[in-house]
Structures are given as structure tokens and as C-alpha cells.
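Residue 1 is where the sequence shown starts when you use the numbering used here, and the numbers rise one by one after that. Structure, as C-alpha cells:
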Amino acid sequence: MTRDNAPERDDADAEPDGRRDADRSSRRASRRGVLAVGVTGLLAGCLVTSEEEAVDGDATRQTDDGEAGNDDSDAGDDGSDGNGGSDDADETTPDEVGPDGSGLIVTDTTVLNVTESGGRTRVEARLTVENAGRFDYGFVKLRVDAYATPAGSDEREAVGFGDATRRFPSDDRFDGSDSRTFDVTIRFESGETSVRPDPDRYVVDAAVRRAEPL
1 MTRDNAPERD
11 DADAEPDGRR
21 DADRSSRRAS
31 RRGVLAVGVT
41 GLLAGCLVTS
51 EEEAVDGDAT
61 RQTDDGEAGN
71 DDSDAGDDGS
81 DGNGGSDDAD
91 ETTPDEVGPD
101 GSGLIVTDTT
111 VLNVTESGGR
121 TRVEARLTVE
131 NAGRFDYGFV
141 KLRVDAYATP
151 AGSDEREAVG
161 FGDATRRFPS
171 DDRFDGSDSR
181 TFDVTIRFES
191 GETSVRPDPD
201 RYVVDAAVRR
211 AEPL
């Protein structure tokens, strides 16, 4: 018996089995392509990262090696300064030292006596000298100037000058351990000043003229 009321199947809604199979195959191929692309990207990223790490590692090793080499070079340079302590040893003792570099200091001047005879006046003085220099001396020469000081005046009248010299043997050289004294006599015409011959009315100044180290 014929079922006239059974719903008729729409041909448009019905898909052939072959078309459905083709669509499923296409989707599976697309998924495989996406997966392949993803895996390829991941592998490429790993390769790039590995290459960058390798480059960075090589650069780090080269930098460390270079710094170590520089340190060795610096150490070698430091060792080449062995002449630093030889300056004093190589310094030779000069034959003569100038007044400014001798280190000799006149610390005291004293007029001991003043006398007048035969139209000439004699001023006897003693000088105290200290050696604050770096050399020991065997000969020292000082220039000494004498001045008369009129009573009631602060002015000084230059009346004459002379030299005070002294030699020191090698076993009693003039070093910095003790001060040394120098005696000098200055003579001049009595007519140079009207100041009477009195030690209290005369003064002297002294300065180093020559110093010979031993």
C-alpha cells in the first residue's frame, strides 16, 4: 500500500555522500596545514634563539678572554716600573750648591766687639748657622754686612762688609745634627760713620754665598 502522506525529501537539502566526504577531507588538510605551519614557526623560533644564544655566548667568551689578556698586560706594565726607587740612588752629589738650594739658615747674629785704631774701625761678630738641607757640607762661605745705628734713630748706616768662611773635615762634616758658628771681622774707615765704637750701636746681617757638599 502506498504512503501518500510521507514527507518528500528535499533534493536541495540532501547532500550527496561524495560532497560530504570531499568537505571533510578538505578540513582535515587545512588543519594539517595549520599544524605544519605552527610547528615550522616554533622550530624556526628555536633555531633563531639557539643561534642568538650561541652568538651571545661566543661574544661573552671573547670579551672575557680580551679582558683577561688586558689584565695580564696591565700586570706586566705594573711590573715595568722598577725604576721608581732608583732616582735617589742615581743622584750624584754636586760640587757646589747655590744659596737658595743649600738649606743653610742663619739663625743668629751677634756683635761681639767694636774697636777703633789708626783711623780704622773693627767690628767682630759671630754667626750661628743651621743646616736644614739634604747635603752635608765641607765648605761654607757667608757674606756679612755691618751697619751702624745712630742713637735715637731706627736707621742703619752701611759701613762695611766681609766674608765668613769655614771648612769642615769629613769626620766632622756640617750636617743637620748641630748648628755651627762662624766668626768674622769687618774693617772700615772710621770716617764712614759718626757712631762711636760700641757693640750696642752696630748690627750685622749674613747670607750664604757658597756651599760645597762632601
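For glycine and all other residues, C-beta sits at the position ideal for the given N, C-alpha and C.
Check	Outcome
Under 8 Å Cβ to Cβ from R201, same chain only, skipping five residues before and after it: list those, please.	V114, A148, T149, P150, A151 and V195
Thinking just about the alpha-carbon of each residue, which of S117, D108 and D178 is nearest to the one in V144?	D108
Can you check whether the CB of A211 is closer than 7 Å to the CB of L104?	yes
Please report the distance separating the alpha-carbon of V111 from that of T93.	35 Å
Give the DSSP bridge partners of L142, in chain order.	A164 and V208
Indicate the three-state DSSP secondary structure (helix, strand or coil) for V34 in the structure shown.	Confidence is the limiting factor: at V34 the pLDDT is only 47, short of 50, which leaves the residue's position unreliable, though a coordinate-based value still follows. Looking at V34 - three-state DSSP - the assignment turns out to be helix.
Going by other Cβ atoms of all chains shown within 10 Å of its Cβ, with 16 needed for buried, is A206 buried or exposed?	buried
If you run the structure through DSSP and keep just helix, strand and coil, what is P213?	strand
From R126 to T165, what does the alpha carbon distance come to, in whole angstroms?	12 Å
Have a look at the DSSP bridge pairing and note the partners of D183.	R126
Helix, strand or coil for S190? Go by DSSP, reduced to three states.	helix
What number of angstroms, rounded off, separates the C-alpha of S179 from the C-alpha of D198?	28 Å
Let me know the secondary structure DSSP gives D154 once reduced to three states.	coil
Straight-line CA distance for V184 to V208?	14 Å
How long is the line joining the alpha carbons of P213 and V123, rounded to whole angstroms?	30 Å
In this structure, how does DSSP classify R134 when only helix, strand and coil are distinguished?	coil
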